[in-house]
Every structure is written in structure tokens, then in C-alpha cells.
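Undergrad: If you count the sequence shown from 1, you need to add 17 to reach our numbering.
In this text, a Cβ means the ideal position worked out from N, Cα and C, and glycines have one as well.
Note that the structure is predicted; figures quoted are calculated from it, not measured.
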Amino acid sequence: MYLSREDLAKYPFCREAKEYISSLGFTIDEVFNPDFSIILDRVFERIEGAVRIGRVETRLIDLDLEILSFNIAPIILSIIGDNALSMRYAVAEAKRVYEELRVDDDYKLQLISVNSFNWRVRFLRPGAFQIFFADFLQFSPAFEAFNWKLVNRSVIGGWVYVSRGELARLISERVKNEIFSKSSQPMPSITLPSNVMDRIEGLRKIFSSYRRVVESEEVKGPMIESAMPPCIRSLMNGLLKGESMPHMARFTLATFLLNAGRSVDDVVKLFTASADYDEKMTRYQVEHIAGLRGSRTKYSTPKCSTLKTFGLCFPDDFCVLKKVKHPMTYYKLKVKSSGGGVGKGGSN
Ligand code: SF4
Numbered sequence: 018m019y020l021s022r023e024d025l026a027k028y029p030f031c032r033e034a035k036e037y038i039s040s041l042g043f044t045i046d047e048v049f050n051p052d053f054s055i056i057l058d059r060v061f062e063r064i065e066g067a068v069r070i071g072r073v074e075t076r077l078i079d080l081d082l083e084i085l086s087f088n089i090a091p092i093i094l095s096i097i098g099d100n101a102l103s104m105r106y107a108v109a110e111a112k113r114v115y116e117e118l119r120v121d122d123d124y125k126l127q128l129i130s131v132n133s134f135n136w137r138v139r140f141l142r143p144g145a146f147q148i149f150f151a152d153f154l155q156f157s158p159a160f161e162a163f164n165w166k167l168v169n170r171s172v173i174g175g176w177v178y179v180s181r182g183e184l185a186r187l188i189s190e191r192v193k194n195e196i197f198s199k200s201s202q203p204m205p206s207i208t209l210p211s212n213v214m215d216r217i218e219g220l221r222k223i224f225s226s227y228r229r230v231v232e233s234e235e236v237k238g239p240m241i242e243s244a245m246p247p248c249i250r251s252l253m254n255g256l257l258k259g260e261s262m263p264h265m266a267r268f269t270l271a272t273f274l275l276n277a278g279r280s281v282d283d284v285v286k287l288f289t290a291s292a293d294y295d296e297k298m299t300r301y302q303v304e305h306i307a308g309l310r311g312s313r314t315k316y317s318t319p320k321c322s323t324l325k326t327f328g329l330c331f332p333d334d335f336c337v338l339k340k341v342k343h344p345m346t347y348y349k350l351k352v353k354s355s356g357g358g359v360g361k362g363g364s365n
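The structure is reproduced here in C-alpha cells:
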């Protein structure tokens, strides 16, 4: 069992891919050599895809190009030095890796876990593995869902049962962290050719216009952001940082935003920042929650007691003082106390 060169192009973060690059004898100076501009083209394409649509496509036409461009992208990002851009790129690559792994052969997930990360992972049966608890705990705390807490897992002799999808999530989270940390390292000062500097400037401009679009979308519509309860604010912050969100967190955020007057399109757009964003699926789910599909029932935001059970409640003084029992009550009271009116959708 081994990883083919095509696998290295899909998973260019793995140890075998790094060894392959060393065997090519490629140096950093060559990245900026005009003879190799095709590599930089693909690097910029990867980063632009992450900025514009939150996605990086896997291309298996020129395998070396895929392996090299993935590993050079963090160098360009560290030259740019914008952590928000680095995180957006890291999340987009992590999504790509997750989508590839969850439909790939089991042995590849095990090989990558063991050879590249030194995780202790055992194959149990198709689609099922065990990972040693210390390795599970390296990245599982990033996921807030109930089922990612170690106390809620089946653990035998220190080994935690995980499905293929869950192992793929752990691997992709590890990849996200590695890309972000490499992209955030300060670069030794190097003089770049003017054409490369121009491209970096172009990328900066694209990202800052993207940021302006997101910011202006956040304040439009009848919703009053400053009245949002702390639980929803925390979910929003996590989403915008590209953190992985468990089902309950997504459901809570979507129901709150829809009931506070945001449109389906606005909510779908906001979820593009999510670690495992899938536009078709997100739209379907948001339309379902908005009552446009299925039973045609518009769902309410879960009550505070439910959010407490799921570890999603972070009360502030206002919650305590007003004995708030529902996030929408918090919102309505805050809007009222600020002299505003609640959007027409605020019906919880
Ligand atoms: S008490 Fe309710 S409104 Fe306040 S943070 Fe907790 S869940 Fe949100």
C-alpha cells in the first residue's frame, strides 16, 4: 500500500510529497525564475480561488504543478502578511482535502495519518478506524459538537473509534493549521521581481475588495448587529474565522438570522466562510429552515436551555439580569432598549 503521484497531487501536504519535492532539487529562488512562471500562475490561481469563492479545485493534469504550487502558496502568503487572507486560504485548502479524503480509499487515510502526522491510527473495517486518544485530542477540541467531546466517544484501552468522515475532518483540520502557521511565519527579506510584486499587489486588492463586500453585507437589512446575543455573536465570529461548525451551531445561527430578518441569500452567503461549505447543500438546508421546502415550517431558534446543553451558551450580564430564556427574546429586548424596531421576521 502506497500513495501514487496522483495521490501526492491531491494530498501535497503529506510526507511523501515533501520528499518528492526534495528529490526534484527545487529551490526557492527558482520559484521566481520567469522560466517557472507556470508554477506561480497556479499558486496565484489557488489563492484567488480561495478568496473569490472559498474553494480550491484539485487539478490532476500536471501533477508536479499541483504538488509544488500547494507548497509554495504559503511562501507567497507570508510575503503578503495578511492573517485573514492566510486563514481564508487555509480553510479553502482544508475543505478540498476533506472532500477528497472522505471518498478515498481507507488505507490512504491511515497512511497519511501515520506517516505524515505520526498519529496512531488502526484500520478496523471499511469506513471505520481507531485513533489513540492523545492524537484525537490534538484537533478534536476545534469542533464544538457534542459528539467530538472525548467523554461522549466510545474509547477502549485509550483508542477512540472514528468513522472515515471523522478521520478526514481531523486530517483536514491538521492541514488547515499547518498551512496557516506556515503562511504566518515572517519571511526573510528577499527582493522580488517587479512582475511578482505586481501580482501580489493585485491579490491584495482582490482580497480587500472581497472584505469590503462581506463587511457591507453584514450591516445591510433590518437586522441590528449590536443587539445580537453573545451566543449568536460567538457563532458568527467562529464562522467568519472559518472554524468548523457542528450541525447544532449551524442550525442555531441560520434560524436566528432568518428570524431576525436576514434573507436566505444573505445566510447562504455568510456560510461560504464555513470550513466544509457546500453551496447546494447549504442552500437546501437554509431554505428548509426558512420554511421554503419540505414541511413548509419555518423553524424557531433553539431555547437557551437547549443551547446550554450543547455548550453554545456564553451568557453576558444582560442575559443574567433579564433572565433571558430565548436568544430571540434577548435580541428583541436589546432592540427595544436601543429605541429600534424588530425586523418583520422576528417572530420567535
Ligand atoms: S443565555 Fe440565552 S441568549 Fe444568553 S448567551 Fe445563553 S443562549 Fe444566548
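State whether the stretch 109-116 contacts the stretch 185-205, with contact taken as three or more CB pairs (one from each stretch) at a distance under 8 Å.
TA: With a cut-off of 8 Å, the stretch 185-205 and the stretch 109-116 count as touching, because enough Cβ pairs lie within range.
Undergrad: Pull up the distance between the alpha-carbon of residue 235 and that of residue 79, whole angstroms please.
TA: Note on residue 235: pLDDT 38, under 50, position unreliable in the model; the coordinate value appears next. Each residue's Cα considered, the two are about 40 Å apart.
Undergrad: Would you call the CB atoms of residue 63 and residue 48 closer than 8 Å?
TA: Contact: no.
Undergrad: State yes or no: is the C-beta of residue 200 within less than 8 Å of the C-beta of residue 101?
TA: Not in contact: residue 200 and residue 101 (Cβ atoms no closer than 8 Å).
Undergrad: Find the nearest neighbour of residue 220 within the set 55, 65 and 23, judged by alpha-carbon distance.
TA: Answer by Cα proximity: 65.
Undergrad: Is residue 274 a contact residue of ligand 1, with contact defined as CB to any heavy atom under 7 Å?
TA: For ligand 1, not one heavy atom lies less than 7 Å from the Cβ of residue 274.
Undergrad: How big is the Cα-Cα spacing for residue 99 and residue 269?
TA: Rounded to the nearest angstrom, the two C-alpha atoms are 30 Å apart.
Undergrad: By alpha-carbon positions, which one of 55, 299, 320 and 41 ends up nearest to residue 262?
TA: The option with the nearest alpha carbon to residue 262 is 299.
Undergrad: Could you name the residues of the same chain whose beta carbon sits closer than 6 Å to that of residue 139, not counting the 5 residues immediately before and after it, in chain order?
TA: Taken in chain order, the residues that qualify are 147.
Undergrad: So residue 240 packs on residue 271, CB below 8 Å; how close in whole Å?
TA: Between residue 271 and residue 240 the Cβ distance is about 13 Å, and since that is not below 8 Å, they are no contact.
Undergrad: Please confirm whether residue 30 and residue 192 have their CB atoms less than 8 Å apart.
TA: The answer is yes: Cβ separation under 8 Å.
Undergrad: Applying the criterion that 16 or more other CB atoms from any shown protein chain within 10 Å of the CB defines a buried residue, is residue 306 buried or exposed?
TA: So residue 306 counts as buried.
Undergrad: Please classify residue 20: does DSSP put it in a helix, a strand, or coil?
TA: It is coil, neither helix nor strand.
Undergrad: Please work out which residues of its chain come closer than 7 Å, Cβ to Cβ, to residue 24, disregarding the five sequence neighbours upstream and downstream, and give them in chain order.
TA: Same-chain partners within the cutoff: 125.
Undergrad: Check for me: the alpha helix (DSSP H) holding residue 61 runs from which residue to which?
TA: Per DSSP, residue 61 belongs to the alpha helix (DSSP H) from 54-70.
Undergrad: Measuring straight from C-alpha to C-alpha, what distance separates residue 167 and residue 150?
TA: Spanning the two alpha carbons is a distance of roughly 8 Å.
Undergrad: Out of curiosity, what's the CA-to-CA distance linking residue 335 and residue 351?
TA: Answer to the nearest angstrom: the Cα atoms are 9 Å apart.
Undergrad: What distance in whole Å lies between the Cβ atoms of residue 144 and residue 123, which are believed to be in contact at a cut-off of 8 Å?
TA: Yes, they are in contact, since the Cβ atoms of residue 123 and residue 144 sit about 7 Å apart, within 8 Å.
Undergrad: Taking only heavy atoms of ligand 1 into account, decide whether any of them is closer than 7 Å to the Cβ of residue 331.
TA: Indeed, a heavy atom of ligand 1 lies less than 7 Å from the Cβ.
Undergrad: For residue 259, which of 67, 246 and 347 has the nearest alpha-carbon?
TA: Selected option, being the one with the closest Cα: 67.
Undergrad: Under a three-way DSSP split, which group does residue 6 fall into?
TA: The structure shown does not extend to residue 6, since the chain spans only 18 to 365, so no value can be given for it.
Undergrad: Flag residue 352 as yes when its Cβ comes closer than 7 Å to any non-hydrogen atom of ligand 1, and as no otherwise.
TA: Incorrect: residue 352 has no Cβ contact closer than 7 Å to ligand 1.
Undergrad: Classify residue 140 as helix, strand or coil using the three-state DSSP reduction.
TA: Three-state result, residue 140: strand.
Undergrad: Does DSSP put residue 31 in a helix, in a strand, or in coil?
TA: Note: residue 31 maps to coil in three-state DSSP.
Undergrad: If you draw a straight line from the C-alpha of residue 284 to the C-alpha of residue 169, how long is it?
TA: One C-alpha to the other measures close to 31 Å.
Undergrad: So who's on the other strand from residue 173, going by DSSP bridges?
TA: Per DSSP, 176.
Undergrad: State buried or exposed for residue 340, treating a residue as buried only when at least 16 other CB atoms are found within 10 Å of its CB.
TA: Burial call: exposed.
Undergrad: Excluding sequence positions up to five away, which residues of its chain have a Cβ less than 7 Å from the Cβ of residue 61?
TA: Closer than 7 Å at Cβ, skipping near neighbours: 216 and 220.
Undergrad: Work out the CA separation of residue 181 and residue 26 for me, nearest whole Å.
TA: Taking the straight line joining both Cα atoms gives about 21 Å.
Undergrad: Using the Cβ count rule (16 or more neighbours within 10 Å means buried), how would you classify residue 348?
TA: Buried, since its Cβ has 16 or more Cβ neighbours within 10 Å.
Undergrad: Compute the distance between the beta-carbons of residue 55 and residue 82, then report whether it is under 8 Å.
TA: Yes; because the gap between Cβ atoms is below 8 Å, this pair is in contact.
Undergrad: How is residue 230 classed by DSSP in three states: helix, strand or coil?
TA: Note that residue 230 scores 49 on pLDDT, short of 50, meaning its location in the model is unreliable and no value can be drawn from it.
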